[in-house]
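Trainee:
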Amino acid sequence: MKRFLSVLSAFLILLIAAGTVLADPLELDTDLADTLVIPYDPDNPSAGSYTYTYCYPHVSEDEPDAGRINPFYADQVYTLETNIHFMADGYIDSGKSVSVNVSYQCTCNNDHFFSVLVRKESVIGDVVRTVWTGHTFSRQDGLSDATFDLPRLLGILNAGEQDEYQLARQTEKASRIVREMIMDQITENPGNLPYYDDFAEDDLLDVFYPEEDFYLDAEGNPVFYLEPGIAADESAGYLVFPIKLEDIADEL
1 MKRFLSVLSA FLILLIAAGT VLADPLELDT DLADTLVIPY DPDNPSAGSY
51 TYTYCYPHVS EDEPDAGRIN PFYADQVYTL ETNIHFMADG YIDSGKSVSV
101 NVSYQCTCNN DHFFSVLVRK ESVIGDVVRT VWTGHTFSRQ DGLSDATFDL
151 PRLLGILNAG EQDEYQLARQ TEKASRIVRE MIMDQITENP GNLPYYDDFA
201 EDDLLDVFYP EEDFYLDAEG NPVFYLEPGI AADESAGYLV FPIKLEDIAD
251 EL
């Protein structure tokens, strides 16, 4: 087992080094973007009280990996267009004006991974809420039309692994390690952020999911994030915790 983990750690180091030196970014085409207004009046398109604007990446169809990524976002749009009337009805009946804006930032685009951070800002009356979602796709050993989770990113599960027991076991193991590393960063607090004095690792269990609450930086390392108000005063906004893949692998 120790030999496997040492080999895994060495592989991750080589993978990251290759991603920075041999970066071959995917070519992006025109974004998948639109604005939906409910109710829609063709004579006055902006008159609706529920507005949903989205913008997702769209990989050039000339790229061999387009089929790994584009269907995922096409499905997001299909689901939205199918359900938007149900989403809007309750707000329209209450007389509230709602504006939703979904945008993205490409955070990693190299030989191995394509990762984006999606930001969804909802304005309901005077209330503003922002939600982050990280999407990571593997270009080497990935699933088509699906994002990569932490165990697969670490290589402790194959892309097509379907063993539910192994999936749950390895996910919890990796998640526990990440939670401990995040608590170390919170304790050290190099940025002098307003963390809650009584915040503990157990407080992360029901509000933070390391297996999916991350995006990749330019080198292919995960950056985990916490929503405002979980570990620190809401004025601190979203909290980010960059951790190197090989550091996580060393603890497995």
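Here the sequence shown stands for residues 1 to 252, where the numbers follow my numbering. Where is the CB? At the ideal position from N, CA and C, for every residue including glycine.
I'd like to check one pair, F113 with F86: are the Cβ atoms closer than 8 Å?
Mentor: As a working note, residue 86 is residue 86 in the sequence shown. As a working note, residue 113 is residue 113 in the sequence shown. No, Cβ-Cβ distance for F86 and F113 is not below 8 Å.
Trainee: Could you spell out the range, first to last residue, of the beta strand (DSSP E) harbouring L32?
Mentor: Mapped onto the sequence shown, residue 32 falls at position 32. Per DSSP, L32 belongs to the beta strand (DSSP E) from 32-38.
Trainee: Mapping DSSP to helix, strand and coil, what is G237?
Mentor: Numbered from 1 along the sequence shown, position 237 holds the residue referred to as residue 237. If DSSP states are grouped into helix, strand and coil, G237 belongs with coil.
Trainee: Thinking C-alpha only, which one of V37, N110, D89, P57 is nearest D75?
Mentor: Position 75 of the sequence shown, counted from the first residue, corresponds to residue 75. Of V37, N110, D89, P57, the residue nearest in Cα terms is P57.
Trainee: Would you mind reading off the limits of the beta strand (DSSP E) that contains V131?
Mentor: Mapped onto the sequence shown, residue 131 falls at position 131. Element bounds for V131: 127-138.
Trainee: When DSSP labels each residue in this structure, what does V178 get in the three-state scheme?
Mentor: In the sequence shown, residue 178 corresponds to position 178, counting from 1. Correct three-state label for V178: helix.
Trainee: Return helix, strand or coil for S60, following the three-state DSSP convention.
Mentor: Working through the sequence shown from its first residue, we reach residue 60 at position 60. Three-state result, S60: coil.
Trainee: For the structure I just gave you, are there three or more beta carbon pairs, one from the stretch 175-193 and one from the stretch 115-129, closer than 8 Å?
Mentor: no
Trainee: Grouping DSSP H, G and I as helix and E and B as strand, with all else coil, what is F208?
Mentor: Indexing the sequence shown from 1 puts residue 208 at position 208. Correct three-state label for F208: coil.
Trainee: Can at least three beta-carbon pairs, one atom from the stretch 165-173 and one from the stretch 139-155, be found at a separation below 8 Å?
Mentor: Contact holds: three or more Cβ-Cβ distances are below 8 Å.
Trainee: Given that a residue counts as buried once 16 or more other Cβ atoms are within 10 Å of its Cβ, and exposed if not, what is Y129?
Mentor: By 1-based counting over the sequence shown, the position of residue 129 is 129. As written in the sequence, residue 129 is Arg, which differs from the Tyr given in the question. It is exposed - the Cβ of R129 has fewer than 16 other Cβ atoms within 10 Å.
Trainee: Let me confirm a value: D24 is counted as buried when at least 16 other C-beta atoms fall within 10 Å, else exposed. Which label applies?
Mentor: Start at 1 with the first residue of the sequence shown, and residue 24 comes out as number 24. Label assigned to D24: exposed.
Trainee: Quick check: what's the CA-CA separation for N70 versus F214?
Mentor: The residue you call residue 70 lines up with position 70 of the sequence shown. The residue you call residue 214 lines up with position 214 of the sequence shown. About 20 Å.
Trainee: Three or more C-beta pairs closer than 8 Å, one from the stretch 222-242 and one from the stretch 193-202: is that the case here?
Mentor: The stretch 222-242 makes contact with the stretch 193-202, as at least three CB pairs between them are under 8 Å.
Trainee: Under the criterion of a Cβ to heavy atom distance below 7 Å, does K120 qualify as lining the ligand FAD?
Mentor: As presented, the structure is devoid of all ligands, the ligand FAD included, so that no description of it is given.
Trainee: Give me the residue from F241, R179, D29 with the minimum Cα distance to D255.
Mentor: Because the chain here runs from 1 to 252, residue 255 falls outside it and cannot be looked at.
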